[in-house]
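K.L.:
Numbered continuously in my numbering, the sequence shown closes out at residue 638.
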Amino acid sequence: MTTTRKWLAITAILMGLFPMGLSFSLTNINLESIQAALGSSLIQLQWMINIYGIVIASLLVTMGRLGDIFGRKKIYLIGLLFFAIAMLGAGFAPNAQTIIVFQAVFGIAGAILLPISQAMLVEIFPDKKKSTAIGLWAATAGISIAIGPLIGGILLTFLSWRSIFFINVPFAILGFVLALFFTRESRTEGHSTKIDWPGVVLLTLTIVTFVLATVQSNLWKPSIIVALYIVSAVSLVLLLVVEKKAEMPIIQESLFKSRMFLLCSLGNFCMICFTWAGVFLIPFYIQKHLGYTPFQAGLLMLGFSAPIALFSPVSGYLYNKVGPRPMIFIGFLLLTLSAIMQLQFKEVATPLFIALAVLILGLGFSLIWTPTTTGALSAISRNFAGVASGTFVTIQEIGGSVGLAITVTVVRKQTVFAEGFHDGMWVLLLISIIGVASALFIPKKSKKMEYS
Numbered sequence: 187m188t189t190t191r192k193w194l195a196i197t198a199i200l201m202g203l204f205p206m207g208l209s210f211s212l213t214n215i216n217l218e219s220i221q222a223a224l225g226s227s228l229i230q231l232q233w234m235i236n237i238y239g240i241v242i243a244s245l246l247v248t249m250g251r252l253g254d255i256f257g258r259k260k261i262y263l264i265g266l267l268f269f270a271i272a273m274l275g276a277g278f279a280p281n282a283q284t285i286i287v288f289q290a291v292f293g294i295a296g297a298i299l300l301p302i303s304q305a306m307l308v309e310i311f312p313d314k315k316k317s318t319a320i321g322l323w324a325a326t327a328g329i330s331i332a333i334g335p336l337i338g339g340i341l342l343t344f345l346s347w348r349s350i351f352f353i354n355v356p357f358a359i360l361g362f363v364l365a366l367f368f369t370r371e372s373r374t375e376g377h378s379t380k381i382d383w384p385g386v387v388l389l390t391l392t393i394v395t396f397v398l399a400t401v402q403s404n405l406w407k408p409s410i411i412v413a414l415y416i417v418s419a420v421s422l423v424l425l426l427v428v429e430k431k432a433e434m435p436i437i438q439e440s441l442f443k444s445r446m447f448l449l450c451s452l453g454n455f456c457m458i459c460f461t462w463a464g465v466f467l468i469p470f471y472i473q474k475h476l477g478y479t480p481f482q483a484g485l486l487m488l489g490f491s492a493p494i495a496l497f498s499p500v501s502g503y504l505y506n507k508v509g510p511r512p513m514i515f516i517g518f519l520l521l522t523l524s525a526i527m528q529l530q531f532k533e534v535a536t537p538l539f540i541a542l543a544v545l546i547l548g549l550g551f552s553l554i555w556t557p558t559t560t561g562a563l564s565a566i567s568r569n570f571a572g573v574a575s576g577t578f579v580t581i582q583e584i585g586g587s588v589g590l591a592i593t594v595t596v597v598r599k600q601t602v603f604a605e606g607f608h609d610g611m612w613v614l615l616l617i618s619i620i621g622v623a624s625a626l627f628i629p630k631k632s633k634k635m636e637y638s
């Protein structure tokens with residue numbers, strides 16, 4: 187592959203990834219406007235985020251495996267089509283329920299695009315440059331998340347909430363065209379091409395029932411919640427039994443024998459737990475409790491976004507210099523400080539104080555995201571890039587859904603939103619402390635794991 191074609195291929199992959207992060211951050215800043223326009227309840231708004239998490243977490247490993255078997259380019263292009271359909275459907279939605287349905291389609295797209303884009307980039311770069319590939323991936327996703335709140339604020343000032351979804355469609359189309367012509371097909375060679383369908387079904391059942399029980403824990407009868415958790419636990423046990431006998435298991439048990447992969451996945455889980463809940467609640471607090479406009483909220487949320495945009499491009503270089511442990515440890519210390527500051531919002535709610543708390547949140551996120559991803563995937567053979575990436579991002583998305591569900595459950599126990607927000611920040615503080623502790627045990631260097 188020539189240098190020119192290589193960078194065109196990289197651009198094609200990143201162009202497909204870019205609107206994923208953009209859409210996620212745009213949706214969060216748009217929730218208050220959707221609620222005002224459609225009369226949506228807080229539960230419906232929560233489900234607009236959670237349905238994405240449930241679907242993507244259920245399908246990530248499977249989609250990564252399908253890419254390994256049938257070709258990553260082919261599956262990636264299908265993912266871009268799903269993404270365009272999701273954005274068009276949500277943009278034309280007449281009610282909250284329709285948005286939730288198309289957010290589920292968005293989850294299918296994400297389950298394809300996130301692991302496959304990582305795997306395709308890793309395939310282009312040699313092993314010694316893998317951190318560069320993942321740094322580019324993280325930078326693109328980070329920048330797209332970073333500019334989302336500001337773009338959302340501008341769009342909502344001059345256009346309707348529907349523009350938040352429509353703006354992503356051209357990116358999907360451009361990404362599809364570039365990927366079609368400039369990327370090469372890649373797949374796992376020398377391994378079984380069978381799909382572990384019993385494993386797929388049991389994994390999906392395990393994740394869906396667990397996340398559903400957590401999300402609905404304070405809305406459905408306790409007996410239903412307990413039953414869902416029991417189904418999830420039984421499905422997990424059956425999954426472990428089935429996977430030991432499978433020719434090519436959907437869950438590679440060997441992944442979790444890598445201390446680097448395991449602890450980086452845990453760190454990423456805690457970071458996404460914290461971030462999903464924080465990025466959901468803070469804009470809502472700014473607009474609903476303080477009465478700020480979407481544009482003003484977007485400006486304040488730039489404190490979260492700016493460090494991601496500025497730091498992500500150099501995070502791969504820093505990872506190569508110091509390794510994952512110090513970056514992740516300092517990142518979680520910053521998240522802890524941000525949570526403590528958010529606990530003070532009841533007494534100190536000035537724009538400067540809020541912006542500073544959000545800025546520290548963004549710095550912490552930036553320091554954790556790239557090293558956890560690079561550390562986990564650098565420990566894995568490139569033949570299993572798809573399934574490893576799928577497993578890693580599955581853990582991440584479960585973290586997001588669970589963190590958001592638990593925090594919103596705590597918030598809703600209070601009749602006054604500001605009081606509930608304060609209680610929810612205690613949950614985030616606990617999560618960040620767990621992250622600090624886990625970072626201490628992350629190895630300085632990764633030892634690559636190979637699979638037979």
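All residues carry an ideal CB built from backbone N, CA and C; glycine is no exception. Note that the coordinates shown come from a computational prediction; the quantities given were computed from them, not determined experimentally.
Only counting the same chain, and skipping five residues up and downstream in sequence, which positions put a Cβ closer than 8 Å to that of S638?
P.N.:
Bear in mind that the predicted position of S638 carries a pLDDT of just 37, short of 50, making it too unreliable to give a figure here.
K.L.:
Can you say whether I193 is buried or exposed, counting buried as having 16 or more other CB atoms within 10 angstroms of its CB?
P.N.:
Here residue 193 turns out to be Trp, not Ile, going by the sequence shown. Classification of W193: exposed, given that the 10 Å Cβ count is below 16.
K.L.:
Whose C-beta lies closer than 6 Å to the C-beta of W462 among residues of the same chain, with five residues either side of it excluded?
P.N.:
Correct list, in chain order: G586, G589, L590.
K.L.:
Considering only residues of the same chain and omitting the five flanking positions on each side of I329, which have a CB-CB separation below 6 Å?
P.N.:
Once the five neighbours on either side are set aside, the close Cβ partners of I329 are A495.
K.L.:
Work out the CA separation of I393 and T400 for me, nearest whole Å.
P.N.:
For T400 and I393, the distance between alpha carbons rounds to 11 Å.
K.L.:
When burial is assigned at 16 or more other CB atoms within 10 Å of the CB, is G477 buried or exposed?
P.N.:
With fewer than 16 other Cβ atoms within 10 Å, it is exposed.
K.L.:
Is DSSP giving R251 helix, strand or coil here?
P.N.:
Correct three-state label for R251: helix.
K.L.:
Could you name the residues of the same chain whose beta carbon sits closer than 6 Å to that of P510, not counting the 5 residues immediately before and after it, in chain order?
P.N.:
Within the same chain, P510 has close Cβ partners P557, G561, I628.
K.L.:
Helix or strand or just coil, what does DSSP make of P384?
P.N.:
Helix.
K.L.:
With burial defined as no fewer than 16 other Cβ atoms inside 10 Å of the residue's Cβ, what is the status of V544: buried or exposed?
P.N.:
So V544 counts as buried.
K.L.:
Do you know how far the Cα of A413 is from the Cα of G202?
P.N.:
Spanning the two alpha carbons is a distance of roughly 39 Å.
K.L.:
Among W555, V397, I235, which one has its Cα closest to the Cα of A276?
P.N.:
When only C-alpha atoms are compared, the closest one is I235.
K.L.:
Give a yes or no on contact between the segment 277 to 295 and the segment 604 to 620, applying the rule of three or more CB pairs nearer than 8 Å.
P.N.:
Too few Cβ pairs lie closer than 8 Å, so no.
K.L.:
Please work out which residues of its chain come closer than 8 Å, Cβ to Cβ, to P480, disregarding the five sequence neighbours upstream and downstream, and give them in chain order.
P.N.:
I215, N216, E218, S219, G338, G339, L342, T343, Q473, listed in sequence order.
K.L.:
Taking C-beta to C-beta, are K260 and T369 nearer than 8 Å?
P.N.:
Contact flag unset, no.
K.L.:
Spatial neighbours of F269 within its chain, please: C-beta separation below 6 Å, excluding the five flanking residues on both sides.
P.N.:
Cβ neighbours of F269 beyond the five flanking positions: A295, A358.
K.L.:
Closer than 6 Å by C-beta to I437: which residues in its own chain qualify, once you throw out the five before and the five after it? Chain order, please.
P.N.:
Within the same chain, I437 has close Cβ partners E429.
K.L.:
Could you tell me the distance, in whole angstroms, from the CA atom of V579 to the CA atom of P301?
P.N.:
Roughly 7 Å separates the two Cα atoms.
K.L.:
Within 10 angstroms of the Cβ of F367, are there 16 or more other Cβ atoms? Answer buried if so, exposed if not.
P.N.:
Looking at its Cβ environment, which holds fewer than 16 other Cβ atoms inside 10 Å, F367 is exposed.
K.L.:
What alpha helix (DSSP H) runs, 4 residues minimum, are completely inside the segment 568 to 601?
P.N.:
Whole alpha helix (DSSP H) segments, 4+ residues: 571 to 598.
K.L.:
Out of L425, I584, G502, which one is the CA nearest neighbour of W323?
P.N.:
When only C-alpha atoms are compared, the closest one is G502.
K.L.:
Leaving out five residues before and five after V596 in sequence, what residues of the same chain have Cβ atoms less than 6 Å from its Cβ?
P.N.:
Answer for V596: D609, G610, V613, listed in chain order.
K.L.:
To which residues of the same chain is G334 closer than 6 Å at the C-beta, ignoring the five residues directly before and after it?
P.N.:
So the list reads L208, S211, L212, once near-sequence residues are dropped.
K.L.:
Counting only the same chain and skipping the five closest in sequence on each side, list residues whose C-beta sits under 7 Å from that of T536.
P.N.:
No residues qualify anywhere along the chain.
K.L.:
Residues in the same chain with beta-carbon distance under 6 Å from C456, minus the five sequence neighbours each way, listed in chain order, please.
P.N.:
Excluding positions up to five away in sequence, the list reads I617, I620, G621.
K.L.:
Compute the minimum distance between the beta carbon of G225 and the heavy atoms of the ligand MN, and state whether it is under 7 Å.
P.N.:
No copy of the ligand MN occurs in the structure displayed, which carries no ligand at all.
K.L.:
Do you know how far the Cα of L307 is from the Cα of I196?
P.N.:
Rounded to the nearest angstrom, the two C-alpha atoms are 7 Å apart.
K.L.:
Between L542 and L345, what straight-line distance do the alpha-carbon atoms span, to the nearest angstrom?
P.N.:
Going by the C-alpha atoms only, they are around 29 Å apart.
K.L.:
Compare the C-beta of P557 with all C-beta atoms of chain C and state if any pair is closer than 8 Å.
P.N.:
Reference to chain C is not applicable here, since this structure consists of a single protein chain.
K.L.:
By DSSP, does W347 sit in helix, in strand, or in coil?
P.N.:
Here W347 sits in coil by DSSP.
K.L.:
Is the Cβ-Cβ distance between G453 and A604 less than 8 Å?
P.N.:
Not in contact: G453 and A604 (Cβ atoms no closer than 8 Å).
K.L.:
Counting beta carbon pairs with one atom in the segment 545 to 556 and one in the segment 504 to 523, are three or more of them shorter than 8 Å?
P.N.:
Counting Cβ pairs under 8 Å, three or more are found: they touch.
K.L.:
Is it buried or exposed, G225, if we count other Cβ atoms within 10 angstroms and call 16 or more buried?
P.N.:
G225 should be labelled exposed.
K.L.:
Just verifying my parser: in three-state terms, what is the DSSP assignment at S227?
P.N.:
DSSP places S227 in coil when its eight states are reduced to three.
K.L.:
Quick one: using the 10 Å Cβ neighbour count with 16 as the cut-off for buried, is L486 buried or exposed?
P.N.:
Buried is the call here.
K.L.:
Let me know if V673 comes out buried or exposed under the rule of 16 or more other beta-carbons within 10 Å of its beta-carbon.
P.N.:
Here the chain comprises residues numbered 187 to 638, so residue 673 is not present and cannot be evaluated.
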